[in-house]
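Below is one structure, written out as structure tokens; comments come after it.
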Amino acid sequence: MYKIAVMGDWDSIYGFGALGFETFPVTDPRSAEKILRDLAEKQTAVIYVTEALAKQIDRTIASYASRPLPAIILIPGASGNTGEGMLAVKRSVEQAVGSDIVFGS
Amino acid sequence: MAASHVNPTRMELTRQKKKLQTALKGHKLLKDKRDELMRRFLELVREDKALREEVEEEIKMANMSFVLAGSQMSKEAVSVAFMAPKQEVTVDVSTKNVMSVDIPVFETSFRGSSEGDFYPYGFAFTSADLDCGVEKLSLLLPKLIRLAESEKSCQLMAAEIEKTRRRVNALEHVLIPETQENIRYITMKLDENERSSQVRLMKVKDMMLEEAHHYKEKRDALPLKDQ
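Note that the protein sequences, when read in sequence, are chains A and B.
The first sequence begins at 1 in our numbering and counts up one residue at a time.
The second sequence begins at 106 in our numbering and counts up one residue at a time.
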């Protein structure tokens with residue numbers, strides 16, 4: 001049985017608590033990295049991270065890209081959509097195809 | 106020259122020919138794998154993109170409700186409202202094999218609440234916008250899970266495609282030409298050896314005939330007899 005976790009600033013994520021996700025309100029990149037690593041080791045299948053936070057810990061997130069679990073998914077926070085999540089999809093297209101052919105320039 | 110380090114022997118030639126055959130077969134297979142992976146990947150990525158757009162839009166709407174709620178209630182009150190969630194979500198993870206990539210399949214199961222009753226608080230002291238936001242998120246849940254699934258699959262497949270592409274290129278541009286070059290080199294060297302031994306044999310034959318029949322002496326002697 002795996003769990004689902006949400007990380008980010010409190011305003012963006014507290015609503016997910018009602019769905020039964022585990023919420024981890026965190027804004028400091030250092031402690032966020034630690035939480036992320038802990039979650040990855042524990043039984044967590046999906047970790048939603050707000051875009052604003054993800055930008056600060058992108059290296060740690062990238063290190064989990066090639067592992068089957070956990071899936072780290074970026075979501076927009078309360079302060080707005082930074083486009084970081086789309087960028088991640090775009091990057092994987094570039095990695096696979098060599099150039100971006102889905103999003104157009 | 107790349108071929109300079111192979112031994113020009115028949116055994117090596119057979120070995121190189123076998124190597125070339127395997128490389129060609131592997132190249133073809135990997136190329137097929139790459140093409141099929143690419144097709145699936147593009148399909149998935151388009152779906153993922155559409156899904157992400159939808160999810161982002163809906164999260165934005167939910168967040169708007171939460172911000173509104175936050176303006177009407179104190180942070181403490183909201184905290185208290187969400188203190189004890191009624192519902193718990195767990196996922197079962199199985200994997201599906203797509204062209205040798207294990208992509209995850211998530212299956213959610215809920216525990217604790219009856220259908221539609223997931224509000225962890227009473228409605229008396231909370232803002233209606235809060236209910237609105239929570240409802241939006243809960244409707245979004247299946248899509249969120251689906252997004253996680255397809256996005257992870259995209260990441261894994263992208264990595265696999267990159268790996269396969271490198272292998273195809275390495276075979277196509279390095280290993281196969283090198284082996285062909287080796288084969289050419291060995292064949293030429295063997296032909297050369299063949300010719301040189303042929304010439305040597307002819308030469309030896311001449312010498313042996315000379316030894317046996319003394320043609321030269323007889324020819325030298327002949328004109329003397331005539332005179």
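Every residue gets a Cβ at the ideal spot worked out from N, C-alpha and C, and that includes glycine.
Remember, it's a predicted structure, so these values are computed and weren't measured experimentally.
_Where the alpha helix (DSSP H) containing Y47 of chain B begins and where it ends_ = There is simply no residue 47 of chain B to check, as chain B begins at 106 and stops at 332 in what is shown.
*Interface residues of chain B facing S66 of chain A [CB-CB closer than 9 angstroms]*: Against the first sequence, residue 66 of chain A aligns to sequence position 66. What S66 of chain A touches in chain B: Q260, L261, A264.
*Note down, in chain order, each residue of its chain lying with its Cβ closer than 8 angstroms to the Cβ of E33 of chain A, except the 5 sequence neighbours on either side.*
Here residue 33 of chain A corresponds to residue number 33 of the first sequence, with the count starting at 1. Correct list, in chain order: I57, T60.
*alpha helix (DSSP H) containing E22 of chain A: first to last residue?*
Locating residue 22 of chain A in the first sequence gives position 22, where the first residue counts as 1. Not the alpha helix (DSSP H): E22 of chain A falls in the beta strand (DSSP E), residues 22–25.
*Please name the residues in the stretch 17–32 of chain A whose beta-carbon is closer than 7 angstroms to at least one beta-carbon of chain B, in chain order.*
G17, A18, L19, G20, F21
*Round the Cβ separation of F106 of chain A and A5 of chain A to the nearest angstrom and send it over; I've been treating them as touching at under 8 angstroms.*
Only positions 1 to 105 of chain A appear in this structure, which leaves residue 106 of chain A out of reach.
*Output the boundary residues of the beta strand (DSSP E) element that contains G8 of chain A.*
Your numbering for residue 8 of chain A matches position 8 in the first sequence. Per DSSP, G8 of chain A belongs to the beta strand (DSSP E) from 2–8.
*Report the rounded CA-to-CA distance for L134 of chain B versus M293 of chain B, giving the unit in angstroms.*
What you label residue 134 of chain B is simply residue 29 of the second sequence in a count that begins at 1. What you label residue 293 of chain B is simply residue 188 of the second sequence in a count that begins at 1. So the two alpha carbons sit approximately 31 angstroms from each other.
*If you run the structure through DSSP and keep just helix, strand and coil, what is V160 of chain B?*
Locating residue 160 of chain B in the second sequence gives position 55, where the first residue counts as 1. DSSP places V160 of chain B in helix when its eight states are reduced to three.
*Taking contact to mean at least 3 C-beta pairs separated by less than 8 angstroms, is the stretch 154–165 of chain B in contact with the stretch 230–247 of chain B?*
yes
*Which residues in chain A sit within 8 angstroms of R157 of chain B, going by Cβ to Cβ distance?*
Counted from its first residue, the second sequence places residue 157 of chain B at position 52. Per Cβ cutoff of 8 angstroms: G85, M86, V89.
*C-alpha gap between A65 of chain A and I72 of chain A, whole angstroms*: Translated into the one-based positions of the first sequence, residue 65 of chain A becomes position 65. Translated into the one-based positions of the first sequence, residue 72 of chain A becomes position 72. Here the alpha carbon of A65 of chain A sits roughly 8 angstroms from the alpha carbon of I72 of chain A.
*Mind checking who V198 of chain B pairs with in its DSSP beta bridge?*
Taking the first residue of the second sequence as 1, we reach residue 198 of chain B at position 93. The partner list for V198 of chain B (beta bridge, DSSP) reads B:F211.
*Pick helix, strand or coil for L69 of chain A, following the three-state DSSP scheme.*
The residue given as residue 69 of chain A occupies position 69 in the first sequence. Coil.
*Using a Cβ cut-off of 8 angstroms, pull out every chain B residue sitting near D38 of chain A, in sequence order please.*
Within the first sequence, residue 38 of chain A is the residue found at index 38, counting from 1. Under the 8 angstroms cutoff, chain B gives no residues; its nearest Cβ is about 18 angstroms from D38 of chain A.
*In or out: Y48 of chain A buried (at least 16 other Cβ within 10 Å) or exposed?*
The residue labelled residue 48 of chain A in the question sits at position 48 within the first sequence. Buried, since its Cβ has 16 or more Cβ neighbours within 10 Å.
_Residues, ordered as in the chain, of the stretch 224–243 of chain B that lie near chain D by beta-carbon distance below 7 angstroms_ = Checking the listed chains, one finds no chain D in this structure; the protein chains it contains are A and B.
*Taking K248 of chain B as the reference, which of A:V102, A:A62, A:I75 has the closest Cα?*
Counting from one through the second sequence, the residue named residue 248 of chain B turns up at place 143. Answer by Cα proximity: A:I75.
*asked:* On a Cα-Cα basis, can you pick out the residue from A:Q43, A:F103, A:I101, A:V97 that is closest to D140 of chain B?
replied: As a first step, residue 140 of chain B is located in the second sequence; it is residue number 35 there, counting from the start. Selected option, being the one with the closest Cα: A:V97.
*Under a three-way DSSP split, which group does Y224 of chain B fall into?*
Looking up residue 224 of chain B in the second sequence gives position 119. In the structure shown, Y224 of chain B sits in coil (DSSP, three-state: anything other than H, G, I, E or B).
*Thinking C-alpha only, which one of A:A78, A:P25, A:K90, A:Y14 is nearest E256 of chain B?*
Within the second sequence, the letter at position 151 stands for residue 256 of chain B. The candidate whose alpha carbon is nearest that of E256 of chain B is A:K90.
*asked:* I'd like to know whether the C-beta of V185 of chain B is nearer than 8 angstroms to at least one C-beta of chain A.
replied: Locating residue 185 of chain B in the second sequence gives position 80, counting from the first residue. No, V185 of chain B does not count as interfacial toward chain A.
*Beta-carbon spacing of G334 of chain B, D11 of chain A below 8 angstroms*: Residue 334 of chain B lies beyond the stretch modelled for chain B, which goes from 106 to 332, so this question has no answer here.
*For the alpha helix (DSSP H) containing A40 of chain A, list its first residue and its last residue.*
Within the first sequence, residue 40 of chain A is the residue found at index 40, counting from 1. Start and end: 29–41.
_Please state whether the Cβ-Cβ distance between L125 of chain B and T284 of chain B is less than 8 angstroms._
Here residue 125 of chain B refers to the residue found at position 20 when the second sequence is read from its first residue. Here residue 284 of chain B refers to the residue found at position 179 when the second sequence is read from its first residue. Yes, the pair counts as a contact, with Cβ atoms nearer than the cut-off.
*With a CB to CB cut of under 8 angstroms and the five nearest residues on each side skipped, what residues in its chain are close to V210 of chain B?*
As a first step, residue 210 of chain B is located in the second sequence; it is residue number 105 there, counting from the start. Close CB contacts of V210 of chain B within its chain, under the 8 angstroms cut and outside five residues either way in sequence, are with V198, S199, T200, K201, E254 (chain order).
*Simplified DSSP assignment, three categories, for G98 of chain A*: Reading the first sequence from its first residue, position 98 is the one you call residue 98 of chain A. Of the three classes helix, strand and coil, the one that applies to G98 of chain A here is coil, per DSSP.
*Alpha carbon to alpha carbon, how far is K122 of chain B from R251 of chain B? Give it in angstroms, no decimals.*
Locating residue 251 of chain B in the second sequence gives position 146, counting from the first residue. Locating residue 122 of chain B in the second sequence gives position 17, counting from the first residue. Straight-line Cα distance between these residues: approximately 49 angstroms.
_Sufficient close CB pairs (3 or more, under 8 angstroms) joining the stretch 186–194 of chain B to the stretch 225–234 of chain B_ = yes
*What does G77 of chain A pair with, by DSSP beta-bridge criteria?*
As a working note, residue 77 of chain A is residue 77 in the first sequence. DSSP output for G77 of chain A lists A:G80 as bridge partner(s).
*asked:* Please identify, using Cβ separations under 7 angstroms, the residues of the stretch 157–176 of chain B that lie next to chain A, in order along the chain.
replied: If the cut-off is 7 angstroms between Cβ atoms, the stretch 157–176 of chain B has R157, E161, I164, K165, A167, N168, F171, V172, G175 near chain A.
*Find the residues of chain A that neighbour E267 of chain B, judging by a C-beta separation of less than 7 angstroms, and give them in chain order.*
Locating residue 267 of chain B in the second sequence gives position 162, counting from the first residue. Simply Q95, A96.
_Span of the alpha helix (DSSP H) around V111 of chain B_ = As a working mapping, residue 111 of chain B is identified with position 6 in the second sequence. Per DSSP, V111 of chain B belongs to no alpha helix (DSSP H) and is neither H nor E.
_Where N76 of chain B falls, given that 16 or more other Cβ within 10 Å makes a residue buried_ = Given a span of 106 to 332 for chain B in the structure shown, any question on residue 76 of chain B remains unanswerable.
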